[in-house]
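What follows is one structure encoded as structure tokens, with my remarks underneath.
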Amino acid sequence: MECRKFELTLISANQLEDVRRLFKMEVYCKVSIGSNPRMEKRSPADRHGEINPAWNFSMEYTILEEMIQHPNTMFVIKLYCKRMLGDRYVGEVHAPLKDLFDYAYHSGGSAVVTYPVRKGCADSQGALRFSYRFGARISIEKLLLAETLAGWGMP
2 MECRKFELTL ISANQLEDVR RLFKMEVYCK VSIGSNPRME KRSPADRHGE INPAWNFSME
62 YTILEEMIQH PNTMFVIKLY CKRMLGDRYV GEVHAPLKDL FDYAYHSGGS AVVTYPVRKG
122 CADSQGALRF SYRFGARISI EKLLLAETLA GWGMP
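The opening residue of the sequence shown carries number 2 in this note's numbering; numbering runs sequentially from there.
Okay, structure coming up:
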């Protein structure tokens, strides 16, 4: 099976909708690829930026090559405001993984982009800036071998 590493860095967001009236907003992101809930990862909450959070938080995925080539595989970033009585939804960004790959392909496999944050079908609720990079295509057997050897590190 062919796969690639996909590295993502959530940089910042700006002019998000203020979903808290009494306290400071502490915004975090949940990132998923496709419909697999095991692929979801979460950033830490920014405690200072409020409607203009900054994370500079990186995460890494191993994705199948066929996910990149399929136009319906969606890359989704959902933004939430942390609260004691349940987190509040701020908005989200959707992009087909194939579009991200095609855009980055011409610049060596990486890019820095800004997408509008949407809430339902409403107009933009601010913007999210992130960078990403696609690694070289490798076979899954080589990847498993490399991870196994890395786990055998010398003390």
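Yeah, the Cβ is synthetic: ideal placement off N, Cα and C, and Gly gets one too.
Check whether the Cβ atoms of residue i and residue j lie closer than 8 Å to each other.
i	j	result
A14	E27	no
I12	F131	yes
Provide the residue span of the beta strand (DSSP E) that contains residue i, from first to last.
i	result
L129	128–135
L98	First-last for L98: 98–106, but that is the alpha helix (DSSP H), not the beta strand (DSSP E).
V118	Where V118 is concerned, there is no enclosing beta strand (DSSP E), given that its DSSP letter is neither H nor E.
N15	3–15
V20	Note, V20: premise wrong, no beta strand (DSSP E); not H, not E.
I34	28–34
Counting C-beta neighbours from all protein chains within 10 Å, is the total for residue i 16 or more, i.e. buried, or is it exposed?
i	result
C30	buried
I141	exposed
W153	With a pLDDT of 49 at W153, under the threshold of 50, the modelled position of this residue cannot be trusted; read the value that follows with caution. So W153 ends up on the exposed side.
C122	exposed
M85	exposed
M2	exposed
P226	Residue 226 lies beyond the residue range present for the chain, which begins at 2 and ends at 156; the question has no answer from this structure.
Q126	buried
G109	exposed
L150	In this prediction, L150 scores a pLDDT of 44, lower than 50, which makes its location untrustworthy; no coordinate-derived value is stated.
G92	buried
S36	exposed
F24	exposed
R5	buried
Y133	buried
V113	exposed
Residue range of the alpha helix (DSSP H) that residue i falls in?
i	result
M60	Here M60 belongs to no alpha helix (DSSP H); instead the beta strand (DSSP E) covers 55–65.
Starting from the Cα of residue i, find the closest Cα among the options and give me that residue.
i	options	result
K42	L98, L23, T10, I52	T10
K99	K25, L23, M68, E18	M68
E51	S59, L80, D19, F58	D19
T115	Y106, V94, H107, F58	V94
R119	H107, Y81, Y104	Y81
K79	P117, R21, R138	P117
S44	P72, F7, S59	S59
T63	D88, R39, A105	R39
S111	Y90, D88, A137	A137
D88	R21, H107, V32	R21
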